[in-house]
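Encoded as structure tokens, the structure appears first; notes follow it.
Numbering (the numbering used here), first residue to last: 248 to 473.
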């Protein structure tokens, strides 16, 4: 298949690029390895965005939320409606396997097809790339680099590495579902970027001893048992 522009990634940025290409009359295709806004789909189920809905809008299409800060389901509904109402050319569940540059543009090979494109935009984001610690035991089944929802961790001992938004949300939610939560934090305080309405909550839980926190600490290894 020949196209002027091939966009890798069907998240908000990839969709925004598709809208811009569509408006400019550019022949384009968006290739996404998973479902629509795949990275957002894998966000924690109860996540609330730090940004307001206006900051998450793309293509000048209003994002109306019933909350001061939109939730994950609201965002997924918004981007789905944008993609369908604008009839964006999105190929889902088609992973890009390779991109080769040549004199006339690029050859892009996927799990399903090969494309010739004059231009390529990489809009894969960062959420699908795990933040590896590169320590022994990180590959054990009990270690996960993504947090989905808290029920799974009820009545369990949970160790959370880090102290920014994702880590704090995971620590608080699993604690409130009955997990025994410990945090390992490289710095000497909770991250400055943590949502302002959440930061006092995690600091108070640590201060009262409900959540144990080791500051100025790093995880060196994970073992299957003690």
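All residues carry an ideal CB built from backbone N, CA and C; glycine is no exception. Since the model is a prediction, treat every value here as computed from it, not as a measurement.
Task: CB contact flag (residue 421, residue 393, <9 Å) - done: No, the pair does not count as a contact, with Cβ atoms beyond the cut-off.
Task: Separation of residue 460 from residue 452, as counted between CA atoms - done: In this structure, the alpha-carbon of residue 452 lies about 10 Å from that of residue 460.
Open item on the list: Am I right that residue 470 and residue 384 are in contact with their C-beta atoms under 8 Å? What's the rounded C-beta distance?
Closed with: The pair is a contact, with the Cβ atoms about 6 Å apart (cut-off 8 Å).
TODO: Take residue 371 as the anchor and find which of 271, 250, 281 has the nearest alpha-carbon.
DONE: Checked all of 271, 250, 281; the closest Cα to residue 371 is 281.
Task: Burial state of residue 275 (16 or more Cβ within 10 Å) - done: That one is buried.
Task: Cβ neighbour criterion (16 or more within 10 Å) applied to residue 352 - done: Per the 10 Å Cβ criterion, buried.
Task: With 16 other Cβ atoms within 10 Å as the buried cut-off, status of residue 326 - done: When all chains shown are included, residue 326 counts as buried.
Open item on the list: Which of the three DSSP states is assigned to residue 366 in this structure?
Closed with: It is a strand residue.
- [ ] Could you tell me the distance, in whole angstroms, from the CA atom of residue 314 to the CA atom of residue 289?
- [x] Residue 314 and residue 289: Cα-Cα distance of roughly 21 Å.
TODO: Check whether the region 357-373 touches the region 307-322, counting contact only when three or more Cβ pairs, one atom from each stretch, lie closer than 8 Å.
DONE: The answer is no - the region 307-322 does not touch the region 357-373, with fewer than three Cβ pairs under 8 Å.
Task: Alpha-carbon spacing of residue 271 relative to residue 253, whole angstroms - done: Distance between the alpha carbons of residue 271 and residue 253: 15 Å.
Task: Alpha carbon of residue 375 to alpha carbon of residue 402, nearest angstrom - done: Taking the straight line from one Cα to the other gives about 29 Å.
- [ ] Take the Cβ of residue 435 as the centre, count every other Cβ of all protein chains shown within 10 Å, and call the residue buried at 16 or more, exposed below.
- [x] In summary, residue 435 is exposed, with fewer than 16 beta-carbon neighbours lying within 10 Å of its beta-carbon over all protein chains present.
Open item on the list: I need the straight-line Cα distance from residue 433 to residue 466, nearest angstrom please.
Closed with: Going by the C-alpha atoms only, they are around 9 Å apart.
Task: Identified DSSP bridge partners for residue 354 - done: According to the DSSP secondary-structure assignment, residue 354 is paired through a beta bridge with 347, 363.
Open item on the list: If I measure Cβ to Cβ from residue 428 and keep anything under 6 Å in the same chain, skipping five residues before and after, which residues do I get?
Closed with: Sequence-distant partners of residue 428 (beyond 5 residues in either direction) whose C-beta falls short of 6 Å from its own C-beta, in its chain, are 405, 418, 421, 422, 458.
- [ ] Give the DSSP-derived three-state secondary structure of residue 412 in the structure shown.
- [x] Note: residue 412 maps to helix in three-state DSSP.
Task: The beta strand (DSSP E) enclosing residue 252, as first and last residue numbers - done: DSSP places residue 252 in the uninterrupted beta strand (DSSP E) bounded by 249-255.
TODO: Report, in whole angstroms, the separation of the C-beta atoms of residue 340 and residue 322, which I expect to be a contact under 8 Å.
DONE: Contact flag wrong, Cβ pair sits at about 20 Å.
- [ ] Determine the burial state of residue 468: buried for a count of at least 16 other Cβ atoms within 10 Å of its Cβ, exposed for fewer.
- [x] That one is exposed.
Open item on the list: Extract the residue ranges of the alpha helix (DSSP H) inside the region 401-456, only unbroken runs of 4 or more that lie entirely within it.
Closed with: List check, alpha helix (DSSP H) in window: 412-423, 446-454.
- [ ] Return the residue from the list 445, 266, 336, 283 that minimises the CA-CA distance to residue 410.
- [x] Comparing Cα positions, the closest option is 445.
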